[in-house]
Amino acid sequence: MEATEARTIRQKLKTYITAEIIKNAEYPLRDDEPLISGGLIDSFSIAHIAVFIETEIGVRIPDTDLTLDTMDSIDRMCARIAVAMAGPEDRRSP
Amino acid sequence: MSIQSLPFVGFCAATLALYYLLPRARQNLLLLAASYLFCISISWRFALVLLIMTLASYAAGLGSAGKKRPRLWLGLGIGFNLAVWLYFKSAAFFIPQISSWLAGMGWDDPGRVLGILLPVGISFYTLQAISYLLECYRGQIGTPPSLWDFALYLAYFPKLTAGPIERPRDFLMQLARPRTVDNELLARSFYLIVLGLVRKIVIADTLLAAMPARIFIAPADYSGIELASWLLAYAFGLYNNFCGYTDIVRGISGFFGISLSSNFSRPFFSRSFGELWNRWHSSLSHWLRDTVYFPLSRFLLKRDPGMKNRANIMLPPLAAMLASGLWHGLAPRYLAWGLVMGIYLMAENIRSATRPARRLDRMPRWRQWLSTARVMGLTLAAFALFSMDPPVAGRFFLRLFSFAGWTLPGSRVFLVMIPSLWIDYVQNRHGDDFAWLAWSRPARAALLSLAVLAIFLWSQTKVGEPFIYQGF
Amino acid sequence: MPTEKNRTLKLERPFGRTLILSLAILAGLVAAAELLLRWEPLQSRLPYPSFGNNSHQLDIKLHLLDKMAERDGPPDCLFLGNSMVQAGIDPDAFNETYREITGHTLRCFNFGVLGMAPYAGATLIRILNRSYSPKMVIWGISPYDLKTDEKNKQLALENGNWIRFQTGEWNFGGWLIDASYLTRYYLRFRLWLDFPRIDRVIRASERRWSANGFTRGRHGSAITDPGQREREAKNKEAMRDFRINQRVLSMMHEAFQPTPGVTCVLVEMPIHRNYAAENEGGKKNYEKLISLIHGFAKRKNIHFIQSDPQNTLSDDQWRNSLHMNSIGALRFSRWLGRRVGAAVKQGAIPAPQRFRPRP
Chain A
1 MEATEARTIR QKLKTYITAE IIKNAEYPLR DDEPLISGGL IDSFSIAHIA
51 VFIETEIGVR IPDTDLTLDT MDSIDRMCAR IAVAMAGPED RRSP
Chain H
95 MSIQSLPFVG FCAATLALYY LLPRARQNLL LLAASYLFCI SISWRFALVL
145 LIMTLASYAA GLGSAGKKRP RLWLGLGIGF NLAVWLYFKS AAFFIPQISS
195 WLAGMGWDDP GRVLGILLPV GISFYTLQAI SYLLECYRGQ IGTPPSLWDF
245 ALYLAYFPKL TAGPIERPRD FLMQLARPRT VDNELLARSF YLIVLGLVRK
295 IVIADTLLAA MPARIFIAPA DYSGIELASW LLAYAFGLYN NFCGYTDIVR
345 GISGFFGISL SSNFSRPFFS RSFGELWNRW HSSLSHWLRD TVYFPLSRFL
395 LKRDPGMKNR ANIMLPPLAA MLASGLWHGL APRYLAWGLV MGIYLMAENI
445 RSATRPARRL DRMPRWRQWL STARVMGLTL AAFALFSMDP PVAGRFFLRL
495 FSFAGWTLPG SRVFLVMIPS LWIDYVQNRH GDDFAWLAWS RPARAALLSL
545 AVLAIFLWSQ TKVGEPFIYQ GF
Chain E
567 MPTEKNRTLK LERPFGRTLI LSLAILAGLV AAAELLLRWE PLQSRLPYPS
617 FGNNSHQLDI KLHLLDKMAE RDGPPDCLFL GNSMVQAGID PDAFNETYRE
667 ITGHTLRCFN FGVLGMAPYA GATLIRILNR SYSPKMVIWG ISPYDLKTDE
717 KNKQLALENG NWIRFQTGEW NFGGWLIDAS YLTRYYLRFR LWLDFPRIDR
767 VIRASERRWS ANGFTRGRHG SAITDPGQRE REAKNKEAMR DFRINQRVLS
817 MMHEAFQPTP GVTCVLVEMP IHRNYAAENE GGKKNYEKLI SLIHGFAKRK
867 NIHFIQSDPQ NTLSDDQWRN SLHMNSIGAL RFSRWLGRRV GAAVKQGAIP
917 APQRFRPRP
């Protein structure tokens, strides 16, 4: 994934999360801020973020990967998206 | 054999000794043989059920990962697992009732004829088999494991009877890799076992054995304070029983170089129900989240991605928690519990959908404690539903909230909740289960000697309560 | 065998230092606790320890007997039986008249325990004889013992780890209780933790026990107190029909084994005439039971002393129809001391071998 694309994805994600999930567009969201462990987002929000990533960025992160390890910060989300874009995705959902 | 018995200690020691002596290629087979031996020691019939489900799930997994009609194989595999599980679960629920009806009509010992026992661990390995099938279908497994490794995934004896429910990919990767047990892993494993024994023997057994026999049968016989106190004691007893079990099996598994998930993470410190379900029996809640909540939520959000999608606010939490209730049992009380827990989560979804999010860890300390108290109080109310049939639960709450009587419980066993709280507090401050390993050597040694002395003395008294989650 | 490279277990030295240190600390802790808990000044400040039996009174008596033996040597004479013995035999009063007749002192201990069934008592005699080698055991039995089915108490006494250990069934728990004061005080701690109400009752009663196992200070009489008539009437009703419990009798036969060198005397513990003589049927059965006890004593070759409560005790010397009060106990014990002393002097009872000279 190219650097420009990565930056775009990161920005899209941050915009979505601050506007729709945190509901405060001015929120100073850091890239390494603990979102799940800090209590900022929960499963309800994670599902929204996953669908956003799937529909707006075009990457499906499997349900089993929507965990603390992959979704706890913007950095981790972007890293997981990059992995998905680099290799074969979760090919099917039931 | 119970994991708290001397035969089990001997069994583990013998298996471990052989395990360290065998070459890497044979270790998984040894563990598989030991696991089936363990299962047979409980009942050969249970081992047979496990074997059949293993073979069926493995075949279905190959089919789900293949190119020819994978969806059919997936459906067959999940259907078969659920059918077998439901058969035994409903038998365990209905047969005692049919038995007593038949006995009332004059049948001689109908229970013996009708008796179908719930195979040990079936509720746990069924979920694991289903996870495996889904991951096969999604291509997440990669190269299919050998039949032996898959069989070991389901039968692995430390987690056979009551979990944790392990993710197939992670566990199978561990089985495929060489394993090393070094000083640190040995220390951590030993530490977990000691901690687990303290929780189970010193705390849980004491609390649960002291509970009045009729507290959840005839609540009207007790004052409101007694009901509240014993409900709290039950919650602590259940928590320490299950958490203690998990710590012990994690420790045992650590000696083999295999890491098992932590099922509990200081749940009584939860500030929201979302957090609670990441801290209480998390292997089950993660399974429900991955298999019920997220798929349903994705499906609903793809039709309407808005935050105020009502169906998405309500259905996934209700479905997940009702499924959890059903998993625990077919009795109405488990469904009532699941419904109430689902409603709690739904309420939090409404909040998330309509109000700005906030960092729980940045709230003022007093607000965090208030949130914790709220979650704890509501969870205890749900515990009451879990423990009693709905009509009795109704009488329980009426008695509780009528503030009838001021009799205090005539027991000091509540004092053992203090060590439980202290353990959780220290772990919470440190951020993980291994807080005490950071202490100085003399302090660690002193604490270990006190723990061992307490375990030894406590085990000299009454017979211990069985591990509660073995019954599911 | 795995090669060095493939080995699973890869331990590096030093290894196990924390474990070794903790074992050393544990050994030190246990040793210190065992020493401290045997120290009299500390023991006097703590509740009595437990032997893990279901009868806390039994545990108290075992402890007091232990202390007596430590302090002054094992007792010369033990009184055994249920609460009727506990309330009715004052060791000091017994010794007073016994010494007057025989010229010898008998250091006695009252081992009467509430609810002790006669066959449980027989088991306890074996245990205490082995541990303390008394020269005389005076076993108090009444027809009341042969009427009640003591099944549950029997189980409670014999299933305890310590009792099983003492009767030859070695078990780790029983050995631990026998050897370790830490274990005994831990068991007592569990009573405090699990059953605070019972703990409070026991602690209140603990202060009443003398070093010789007797409890003084039982005053009053339900026989003469009009306020207790109703309760006494209920007790009388329960005791009206003396039916023989063959099971109890046969268990007594089985359990009792005379110990060589220990003189055993069976004494009928008196019951107030309210019980015995209420109707012709009751009186006849009472006499039948007495003759059964007499027969048992004959078969076991032990001396039997029949009591004579109508002549010995007046109504105001009974706490209730089954138990004497302190005045009654004083009187009965002196009477018993005279009877036993006379029997020893006449040779009807073998003289106890170990004596204390008259001061």
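Those sequence lines, one after another, are chains A, H and E.
Sequential numbering of the first sequence, starting at 1, is according to the working numbering.
Sequential numbering of the second sequence, starting at 95, is according to the working numbering.
Sequential numbering of the third sequence, starting at 567, is according to the working numbering.
The beta-carbon is built from N, C-alpha and C at its ideal position, and this holds for glycine as well.
Remember, it's a predicted structure, so these values are computed and weren't measured experimentally.
Query: Presumed contact (8 Å Cβ cut-off) between H:I172 and H:F218, rounded CB distance; Result: Between H:F218 and H:I172 the Cβ distance is about 16 Å, and since that is not below 8 Å, they are no contact.
Query: Contacts that A:V51 makes with chain H (C-beta to C-beta distance below 7 Å); Result: R392, L395, K396, P399
Query: Residue-level contact to chain H via CB, E:R730, 9 Å cutoff; Result: no
Query: Burial state of E:P700, where buried means 16 or more other Cβ atoms lie within 10 Å; Result: buried
Query: Cα-Cα separation, H:G104 to E:E772; Result: 44 Å
Query: Assigned secondary structure, E:D625 (DSSP; H/G/I helix, E/B strand, else coil); Result: helix
Query: Exposure of E:M650, with buried meaning 16 or more beta-carbon neighbours within 10 Å; Result: buried
Query: Rounded separation between E:E735 and H:W463 - CA only; Result: 55 Å
Query: N- and C-terminal bounds of the beta strand (DSSP E) containing E:N676; Result: 674-678
Query: Min CB distance E:I859 to chain H below 9 Å; Result: no
Query: Rounded separation between H:F480 and A:N24 - CA only; Result: 39 Å
Query: Residues that H:D455 contacts on chain A, provided the C-beta gap is smaller than 7 Å; Result: G38, G39
Query: Sheet register partners of E:F645 (DSSP bridge); Result: E:N676, E:I704
Query: Assigned secondary structure, E:W901 (DSSP; H/G/I helix, E/B strand, else coil); Result: helix
Query: Alpha-carbon to alpha-carbon, H:L166 and H:Y231; Result: 10 Å
Query: Exposure of H:M440, with buried meaning 16 or more beta-carbon neighbours within 10 Å; Result: buried
Query: Alpha helix (DSSP H) runs wholly inside the segment 348-405 of chain H, at least 4 long, in chain order; Result: 367-373, 376-382, 388-397
Query: Cutoff 9 Å: H:R538 Cβ touching any chain E Cβ; Result: yes
Query: Three-state class that DSSP yields for E:F870 in the structure shown; Result: strand
Query: Reference H:A451; option with closest CA among A:L40, A:D32, A:I36; Result: A:L40
Query: Residues in the segment 501-528 of chain H having any Cβ partner in chain E nearer than 9 Å; Result: G504, S505, R506, V507, L509, V510
Query: Which of helix, strand or coil DSSP assigns to E:K576; Result: strand
Query: Any C-beta of chain A under 9 Å from that of H:D384; Result: yes
Query: Beta-carbon gap between E:Q883 and E:S787 smaller than 9 Å; Result: yes
Query: Pair within 9 Å by beta-carbon distance, H:T473 and H:F363; Result: no
Query: Inter-stretch contact at 8 Å, needing at least 3 Cβ pairs: the segment 389-406 of chain H / the segment 34-49 of chain A; Result: yes
Query: CB contact below 9 Å: A:D72 versus chain H; Result: no
Query: Under 8 Å from the C-beta of H:A304: neighbouring residues of chain E; Result: D760
Query: Local conformation of H:W530 per DSSP, three classes; Result: helix
Query: Separation of E:H889 from E:L680, as counted between CA atoms; Result: 11 Å
Query: Contact residues within the segment 104-122 of chain H, judged by C-beta distance below 8 Å to chain E; Result: Y113, Y114, L115, L116, P117, R118, Q121
Query: Identity of the residue in E:Y852, E:L603, E:F677 nearest E:N625 by Cα; Result: The identity of residue 625 of chain E in the sequence shown is Asp, whereas the question assumes Asn. For E:D625, the nearest C-alpha among the options comes from E:F677.
Query: Enclosing beta strand (DSSP E) for E:P612 [first to last residue]; Result: The question names Pro, but residue 612 of chain E is Leu in the sequence shown. From DSSP, E:L612 is part of no beta strand (DSSP E); its letter is neither H nor E.
Query: Where E:G739 meets chain H, residues with beta-carbon distance less than 7 Å; Result: Q554
Query: Cβ neighbour criterion (16 or more within 10 Å) applied to H:S137; Result: exposed
Query: Residue span of the alpha helix (DSSP H) that contains H:L115, given as start and end; Result: 100-115
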